[in-house]
Amino acid sequence: MELQTQFESLKHTFEKTLKTTVDLAGLEALRVEFLGRKGKLATLMALLKDLSEEERRMVGTVANETKQAMEQAFDSALAAMKNENISSHAWFDVSEPIFPKESFGHIHPVTQIQQELEDLFTSMGFMVADGPELESDYYNFTALNIPPTHPARDMQDTFYIKGHPDQVMRTQTSPVQVRAMRKYRAPIRMIVPGRCFRNEATDARHEHTFYQLEGLVVDKDIHIGHMKGVLEEVAKHLYDGEANVRLLPKFYPFVEPGVRGEITCFLCRGTGCRVCKQSGWLEVLGAGMVHPSVLREGNVDPEQYQGFAFGFGLSRLAMLKYGVDDSRLMQSGDMKFLTQF
Ligand code: PHE
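Its first residue numbered 9, the sequence shown is counted upward by one per residue in my numbering.
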């Protein structure tokens, strides 16, 4: 092969190999092999001296161009690789978040309890319904036997919407009772999990935003025994079959009779502790037989149908079950808190 062609083919091979070199060590090996003092280029260069003067001038030009081109290609490959190395290894951004790639997040403790209860209730033939968080004053209060002047409104002060005096952020999931009766008619068996709001001076026990789970059963010949049976089922389900329920009289305008429901303290299992204030019981729900005038608001005839309703404090259940002592943590979005569940 003519010397001139040999130079050209050397350059070609060099550039091809350069493209497939991926690290600095490989690059250095390549430099020694082709551009080193005893490398392939130097070996070819040494052959120049055997040519005639005229040939040497001609081939020499090609040789010099080849050398320059190879060195330039090498230098720019080296610079590019160093740059890449700097950004991927030698230098790092201290402000970059370090969430591990495999962290997918998980279900919030309140949602966990909600889903558990949805499973339980649907297995008992209940449907899961929904209602608006921005509710009318009528459904939130009036339809539930709480007319505008009723003192029960004081205990459930909420957020009112400027320019819309008839709209409130719902204080309870109970307004869905009347909505559902109007929509589905009797018989009904449903639960309504959802977010509620109250105008609270927040502290460890009071939060302006919290979750409830409402229940409503309307049918013929429904009595308070059915209600207690269902509530006992819930308590057992939540606490591995060992919990009891007791019902004590409590006034709610939309039920008659009304009760507050307490379940066996999850912590001491009824023997008395700090969480249950030594009583062995925890108040987790309100309930009662649906008031005839509420049935009438729902276009259900109280002479034909009876019903019971209950409302669990979902946030409260979650706090009790997981031993959370500050209700504000539930809404905080604090990762240190959330990753514990
Ligand atoms: N809505 C009531 C509350 O928020 C709870 C309740 C629901 C009571 C259903 C009776 C029947 O306190």
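For each residue, glycine too, the CB sits at the ideal point set by N, CA and C. Owing to the predicted nature of the structure, the values given are computational and were not obtained by experimental measurement.
Grouping DSSP H, G and I as helix and E and B as strand, with all else coil, what is valine 332?
-> coil
Have a look at Gly306, Glu270, Val200 and flag the residue whose alpha-carbon is nearest the alpha-carbon of alanine 151.
-> Gly306
When you compare each of Asp31, Leu49, His299, Arg304 to phenylalanine 15 by their alpha carbons, which one comes out closest?
-> Leu49
Smallest Cα separation from aspartate 248: which of Pro310, Thr272, Glu104?
-> Thr272
Throw me the rounded Cβ distance for the valine 298 and phenylalanine 316 pair, which I believe falls under 8 Å.
-> 6 Å
Identify the residues that DSSP records as bridge partners of histidine 214: which are they?
-> Asp211
Please confirm whether alanine 77 and leucine 26 have their CB atoms less than 8 Å apart.
-> no
Residue range of the beta strand (DSSP E) that leucine 59 falls in?
-> Neither: leucine 59 is in no beta strand (DSSP E) and is coded neither H nor E.
Between the Cα of alanine 167 and the Cα atoms of Met177, Arg161, Pro159, which residue gives the shortest distance?
-> Note that residue 167 is phenylalanine in the sequence shown here, rather than alanine. Here the closest residue by C-alpha is Met177.
Helix, strand or coil at glutamine 122 [DSSP, three-state] = helix
Quick one: grab the DSSP three-state call for serine 340.
-> coil
Would you be able to state if there are at least three C-beta pairs under 8 Å between the region 160 to 174 and the region 282 to 292?
-> no
Determine the DSSP secondary structure at histidine 234, reduced to helix, strand or coil.
-> helix
In three-state terms, what does DSSP make of valine 200?
-> strand
How many Å lie between arginine 277 and glutamate 124 at the Cα?
-> 21 Å
Classify serine 24 as buried or exposed, calling it buried when 16 or more other Cβ atoms lie within 10 Å of its own Cβ.
-> The question names serine, yet the displayed sequence has lysine at residue 24. It is exposed - the Cβ of lysine 24 has fewer than 16 other Cβ atoms within 10 Å.
Sorted by chain position, which residues of the same chain lie with C-beta nearer than 8 Å to valine 186's C-beta, five sequence neighbours on each side aside?
-> Tyr147, Ala151, Leu152, Val302, Glu305, Gly306
To the nearest whole angstrom, what separates the beta carbons of glycine 223 and glycine 139, a pair I think is in contact under 8 Å?
-> Actually they do not touch by this definition, with Cβ atoms about 13 Å apart.
Please determine, among Lys19, Ala87, Leu11, the residue with the shortest C-alpha to C-alpha distance to arginine 65.
-> Leu11
In terms of residues, what are the limits of the beta strand (DSSP E) holding proline 261?
-> Where proline 261 is concerned, there is no enclosing beta strand (DSSP E), given that its DSSP letter is neither H nor E.
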